[in-house]
Amino acid sequence: MSNIDSLPDKPEFNHGGKLEQIKHAYPRQKLDWIDLSTGISPFSYPIADEIIDLKVLPQHQELLTQAACRYYKTQHLTVIPGSMWAIQMLPILRKLSGIDVRPILLPKQGFNEHQKSWRAQGYNIEVYDDVPTDQQLNHAQACVVINPNNPTGRLTKATVLKDMLKILTSNGAWLIVDEAFIDPYQISNLDKYSMSNRVADENLIVLRSFGKFFGLAGLRLGVILANKVIQNNISSLLNNWSINNTAQAIGIKAWLDNSWQSQTNKKLVLAGERLRLLFITLNYTTVGTVFFQTLYIKNANQLYELLLTKGIYTRLLDNENGIRFGLPSTELHWQRLEQVLTTLHSDKLIQST
Numbered sequence: 002m003s004n005i006d007s008l009p010d011k012p013e014f015n016h017g018g019k020l021e022q023i024k025h026a027y028p029r030q031k032l033d034w035i036d037l038s039t040g041i042s043p044f045s046y047p048i049a050d051e052i053i054d055l056k057v058l059p060q061h062q063e064l065l066t067q068a069a070c071r072y073y074k075t076q077h078l079t080v081i082p083g084s085m086w087a088i089q090m091l092p093i094l095r096k097l098s099g100i101d102v103r104p105i106l107l108p109k110q111g112f113n114e115h116q117k118s119w120r121a122q123g124y125n126i127e128v129y130d131d132v133p134t135d136q137q138l139n140h141a142q143a144c145v146v147i148n149p150n151n152p153t154g155r156l157t158k159a160t161v162l163k164d165m166l167k168i169l170t171s172n173g174a175w176l177i178v179d180e181a182f183i184d185p186y187q188i189s190n191l192d193k194y195s196m197s198n199r200v201a202d203e204n205l206i207v208l209r210s211f212g213k214f215f216g217l218a219g220l221r222l223g224v225i226l227a228n229k230v231i232q233n234n235i236s237s238l239l240n241n242w243s244i245n246n247t248a249q250a251i252g253i254k255a256w257l258d259n260s261w262q263s264q265t266n267k268k269l270v271l272a273g274e275r276l277r278l279l280f281i282t283l284n285y286t287t288v289g290t291v292f293f294q295t296l297y298i299k300n301a302n303q304l305y306e307l308l309l310t311k312g313i314y315t316r317l318l319d320n321e322n323g324i325r326f327g328l329p330s331t332e333l334h335w336q337r338l339e340q341v342l343t344t345l346h347s348d349k350l351i352q353s354t
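The numbering of the sequence shown is the numbering used here, which starts it at 2 and goes up by one.
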């Protein structure tokens with residue numbers, strides 16, 4: 002059943018990562034700010050001490066592509082300036098296939114830039130809950146799946162995605178899988194979720210983010226995995242200097258550093274479990290991934306504001322029915338978060354749904 006009417010004509014989009022704005026809005030808050038708003042790993046890849054030459058224009062290094070191919074275990078990819086760039090470009094790319102009035106399928110809850118980008122290009126949007134129905138897939142020109150979903154943490158198995166792809170391909174439609182948060186699952190050899198090694202399929206596009214797992218979102222680096230035709234079209238939208246020198250130098254090292262990846266993944270999994278157990282000890286049920294936990298509550302807006310007054314910046318969901326908590330970066334921040342949540346729970350200021 003279509004949920005197209007459930008979307009507002011001009012939706013308001015919010016994001017985490019706006020700490021400077023938050024600081025100006027709460028000038029009386031003098032504690033060290035704890036930024037849990039983005040869901041990005043707090044275990045950033047160490048930036049080397051050597052000087053990177055920024056006096057010359059970026060020239061794409063073949064080593065960058067080779068390193069990306071090794072990390073993502075496929076040759077079918079193009080390095081891009083962040084997965085957000087791909088999210089913005091895919092609606093434009095789709096138009097190269099010709100005029101198509103069929104809707105774009107998007108998850109009812111998910112990273113809102115997908116909806117924003119398709120809307121900006123004049124596409125009709127239809128939403129689905131957990132997975133789209135066969136009826137929806139049969140009359141869509143593209144379906145976007147966020148796997149794992151942000152903010153719900155829902156994981157869709159690759160077997161389900163392959164069935165979806167079969168229906169979409171039979172109708173000349175695309176399956177777009179945003180795997181921005183999937184790295185820990187793939188590093189742990191849980192390939193039953195990722196579609197990254199299946200992108201030779203004609204109508205499959207997979208987006209991967211560098212910044213989430215490697216904790217360096219400011220580099221603006223990512224990849225788009227697809228067949229050669231789509232890669233060529235993507236390349237035509239890139240300019241000659243799209244990937245800056247710093248991003249290339251660090252990307253090459255990070256993608257090839259198996260030891261750091263393995264060690265960091267273990268730390269990330271432990272931190273994610275610690276956050277999940279923190280809410281369990283307070284008798285709250287959350288959903289999420291190793292990067293974040295989402296707490297659905299009645300008074301989400303009130304709790305969000307209370308946390309800000311205590312120097313804790315989280316992500317209030319767009320419909321204000323929950324809050325997403327990322328991972329603290331230091332032990333002191335962990336202790337403050339635990340203390341604040343325990344106090345708010347004792348004072349009955351967190352109202353469960």
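Beta carbons: idealized from backbone N, C-alpha and C, even for Gly.
Taking all protein chains shown into account, decide if residue i is buried (16 or more other Cβ within 10 angstroms of its Cβ) or exposed.
i	result
ASN241	exposed
GLY17	buried
LEU107	buried
GLU180	buried
LYS148	Sequence check: residue 148 is Asn here, not Lys. Result: buried.
SER236	exposed
ARG29	exposed
GLU127	buried
ARG221	buried
HIS115	buried
PRO47	exposed
LYS267	exposed
ILE5	Residue confidence is low: ILE5 scores 41 on pLDDT, short of 50, so the model does not pin down where it sits. No coordinate-derived value is stated.
ASN172	exposed
THR39	buried
VAL230	exposed
THR286	exposed
THR290	buried
SER195	buried
HIS334	buried
LYS213	buried
Residues bridged to residue i by DSSP?
i	result
PHE326	GLN294
TRP175	ALA143
ASP36	TYR314
VAL341	Answer is none; VAL341 lacks a bridge partner.
ILE81	GLY223
SER353	ILE298
GLY289	GLN294
Do you know whose CA, among the options, lies nearest residue i's CA?
i	options	result
ILE183	SER243, SER118, VAL270, PRO47	VAL270
ILE298	SER353, LEU226, HIS115	SER353
CYS144	ARG155, ALA121, LYS109, GLY154	LYS109
TYR232	LEU78, ALA26, ILE23, GLN136	Position check: residue 232 holds Gln in this sequence, whereas Tyr was assumed. Here the closest residue by C-alpha is LEU78.
LYS193	LEU156, ASP202, TRP261	LEU156
GLU21	TYR314, GLY123, ARG71	TYR314
LEU176	ALA227, PHE215, ASP131, THR75	ALA227
GLY1	PRO329, ASN246, LEU296, GLU321	Nothing about residue 1 can be reported from this structure: the residues present for the chain run from 2 to 354 only.
THR344	ALA87, LYS19, LEU283	LEU283
GLN67	ALA250, SER260, THR295	ALA250
ARG275	PHE326, LEU169, ILE253	PHE326
VAL102	GLY123, ALA301, MET85, HIS346	GLY123
TYR73	THR287, LEU138, ILE253	ILE253
LEU317	ASP36, LYS31, SER260	ASP36
ALA49	GLU63, PRO185, ALA255, ALA218	ALA255
LEU238	ASP33, ALA248, LEU94	LEU94
ASN197	GLY212, PRO185, VAL178	Reading off the sequence, residue 197 comes out as Ser, not Asn. Comparing Cα-Cα distances from SER197 to each of GLY212, PRO185, VAL178, the minimum goes to VAL178.
GLN60	GLY223, ALA248, ASN204	ALA248
ILE244	PRO82, ASP54, LEU64	PRO82
ASP33	LEU217, LEU350, ASP348, GLN336	GLN336
Would DSSP call residue i helix, strand or coil?
i	result
VAL270	helix
ILE93	helix
LEU58	coil
THR265	helix
PHE182	coil
ALA87	helix
ASN259	helix
LEU283	coil
ILE332	The displayed chain sequence assigns Glu, not Ile, to residue 332. Three-state DSSP puts GLU332 in a helix.
THR170	helix
TYR357	In the structure as shown, the chain begins at 2 and stops at 354. Residue 357 is therefore absent and cannot be evaluated.
THR75	coil
HIS346	helix
TYR305	helix
ALA49	coil
GLU63	helix
GLU21	helix
With a threshold of 8 Å between beta carbons, is residue i in contact with chain C?
i	result
GLN136	The chain inventory of the structure shown lacks chain C, comprising one protein chain alone.
Original post:
Which ranges would you report for the beta strand (DSSP E) in the region 189-257 if only whole runs of at least 3 residues count?
Top reply: Fully contained in the region 189-257 are the following beta strand (DSSP E) runs of length 3 or more, in chain order: 205-210, 223-226.
**OP:** Could you name each continuous beta strand (DSSP E) segment of 3 residues or more that falls completely within the region 101-166, going from the start of the chain to the end?
**Re:** 105-108, 126-129, 143-147, all fully within the region 101-166.
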